[in-house]
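Novice: Quick one: structure below, then a few questions.
There are 2 protein chains.
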Amino acid sequence: MRDPLLLLPGYSLRRATNAMGAELNSRLATLELRRPGAAILMLVDANPGITASALGRALDIKRANMVPLLRRLEEDALIEREAIDGKSRGLTLTAAGQQRLAAARAIIDTFEAELMARIPAEHRDHLIPALEALWR
Amino acid sequence: MRDPLLLLPGYSLRRATNAMGAELNSRLATLELRRPGAAILMLVDANPGITASALGRALDIKRANMVPLLRRLEEDALIEREAIDGKSRGLTLTAAGQQRLAAARAIIDTFEAELMARIPAEHRDHLIPALEALWR
DNA sequence: TATTGTTATACTCTATAACTATA
DNA sequence: TATAGTTATAGAGTATAACAATA
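If you're matching them up, the sequences are chains U and F in order. For the first sequence, position 119 (counting from the first letter as 1) is numbered 138 according to our numbering, and the numbering increases by one without interruption. For the second sequence, position 109 (counting from the first letter as 1) is numbered 128 according to our numbering, and the numbering increases by one without interruption.
Pasting the structure below:
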């Protein structure tokens, strides 16, 4: 069949993203984590004391949508929240959170390496710069 | 703030896709179309008589999820369905569907061109081959 | 006045199971 | 037996509006 969509970079971008996202989610499922949860653990680890709002800005997730994500991570005892002042709360990883993150990192690093390995060498190093030009 | 996610190709891929998808959807909104609807119109146009199932396979959308998409396009009188045999129905564009598609194509072509223009020349031609290696 | 955290809500997209009917 | 179309349903992800409390 004829598929004119294949000529569109934006379409190819979405298909690649969807395929990869599904694969990574399925690998993370063994840790009872999904992509957003893993991303939050990584950012909290790199920025202890970060607030939910700052996290949302970094991840481009609306404040309101951070609420259930953080609630679940807290319920699973992976993160803790401590009052900074009367309105903000700083986030930190618990010991369990650090362990979970280490396991997630192993999965993600393997996944990302496999990803890059699938790209022919002559194109590989151009992917990140090209993508960053699109959104940063 | 430190953001270790920026080093991950998969993360950059998703951010780029999300940013672009939101932008394209907002441009298509003037036509009361969204990305999936526009993609379906393009595929039906290129393959008149295609079935819902074949469309779903091409777009990686499950059969069950095609139902509301096609119902809406039919309600808007953009597509028609005609029985092929007792169980399959062939899809074709109506005249209104062809007009809507032409308008959508203009938006999409402009959008895709702007997209590529944002990528530095030395990386530009590597994007599609790199993406295709990831999912095709 | 702007920001933080939150509730409520709705829509899109995706996924699975199950059913009917036909090839 | 496999495929086409469909219904029902659930879970992510995303978006907006609104509110109380605090900076």
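Glycine included, C-beta positions come from ideal geometry on N, C-alpha and C.
Could you tell me whether the Cβ atoms of ARG119/U and LEU60/U are closer together than 8 Å?
Specialist: Closer than 8 Å, so yes.
Novice: Compute the distance between the beta-carbons of LEU153/U and ALA48/F, then report whether it is under 8 Å.
Specialist: Cβ distance not < 8 Å, so LEU153/U and ALA48/F don't count as in contact.
Novice: What does the Cβ neighbour count give for VAL86/F, buried or exposed, with the cut at 16 atoms within 10 Å?
Specialist: Label assigned to VAL86/F: exposed.
Novice: Do you know whose CA, among ASP144/F, ALA114/F, PRO55/F and THR129/F, lies nearest ARG34/U's CA?
Specialist: Selected option, being the one with the closest Cα: PRO55/F.
Novice: Could you check which residue in VAL63/F, THR70/F, ILE147/F and GLU133/F has the C-alpha nearest to that of ALA102/F?
Specialist: When each option's Cα is compared against that of ALA102/F, the closest is THR70/F.
Novice: Comparing the C-beta of SER31/F with each C-beta of chain U, is any distance below 8 Å?
Specialist: Closer than 8 Å to some Cβ of chain U, the Cβ of SER31/F qualifies, so yes.
Novice: Measure from the C-beta of THR158/F to each C-beta in chain U and report whether the shortest distance is under 8 Å.
Specialist: The requested residue 158/F is not part of the displayed model; chain F covers only 20 to 155.
Novice: The alpha helix (DSSP H) that contains ILE127/U, what's its start and end?
Specialist: 114-136 is the extent of the alpha helix (DSSP H) around ILE127/U.
Novice: In chain order, what are the residue ranges of uninterrupted alpha helix (DSSP H) at least 4 long that sit wholly in the stretch 26-79 of chain U?
Specialist: If we require 4 residues or more, the alpha helix (DSSP H) runs fully inside the stretch 26-79 of chain U come out as 28-47, 54-65 and 71-78.
Novice: If I measure Cβ to Cβ from LEU24/F and keep anything under 7 Å in the same chain, skipping five residues before and after, which residues do I get?
Specialist: These residues qualify, in order along the chain: TYR30.
Novice: Whole angstroms are fine: how far does the CA of ILE127/F sit from the CA of ILE80/U?
Specialist: Rounded to whole angstroms, ILE80/U to ILE127/F spans 26 Å at the Cα level.
Novice: Grab me the residues of PRO67/U's own chain with a C-beta within less than 6 Å of its C-beta, minus the 5 sequence neighbours each way, in chain order.
Specialist: Only THR111 meet the Cβ criterion.
Novice: Do ARG53/U and ALA65/F have their C-beta atoms closer together than 8 Å?
Specialist: No. Outside cutoff.
Novice: Please report whether the beta-carbon of LEU24/U lies at a distance below 8 Å from any beta-carbon of chain F.
Specialist: LEU24/U counts as touching chain F.
Novice: I'd like the list of long-range same chain contacts for ILE98/F, defined as Cβ closer than 8 Å, with 5 residues on each side in sequence excluded.
Specialist: Hits under 8 Å: ILE59, LEU60, VAL63, LEU89, LEU92, LEU110, THR111, LEU112, THR113 and GLY116.
Novice: State the DSSP-derived secondary structure class of ALA102/U, mapped to helix, strand or coil.
Specialist: ALA102/U: strand per DSSP, three-state reduction.
Novice: Per DSSP, what kind of secondary structure is LEU110/U in: helix, strand or coil?
Specialist: LEU110/U falls in the strand class under three-state DSSP.
Novice: Taking the alpha helix (DSSP H) that LEU88/F falls in, what are its first and last residues?
Specialist: Here the alpha helix (DSSP H) through LEU88/F covers 82-94.
Novice: In chain U, which residues lie with their C-beta within 8 Å of the C-beta of LEU137/F?
Specialist: Looking at the sequence provided, one finds Arg at residue 137/F rather than Leu. Those are ALA152 and LEU153, listed as they occur along chain U.
Novice: Please say whether PRO139/U and ILE147/F have beta carbons closer to each other than 8 Å?
Specialist: No, Cβ-Cβ distance for ILE147/F and PRO139/U is not below 8 Å.
Novice: With DSSP run on the structure shown, which of helix, strand or coil describes LEU146/F?
Specialist: If DSSP states are grouped into helix, strand and coil, LEU146/F belongs with the helices.
Novice: Within the 8 Å Cβ cut-off, does ILE69/U reach chain F?
Specialist: By this cut-off, ILE69/U is an interface position.
Novice: I need the DSSP call for PRO23/F, collapsed to helix, strand or coil.
Specialist: DSSP places PRO23/F in helix when its eight states are reduced to three.
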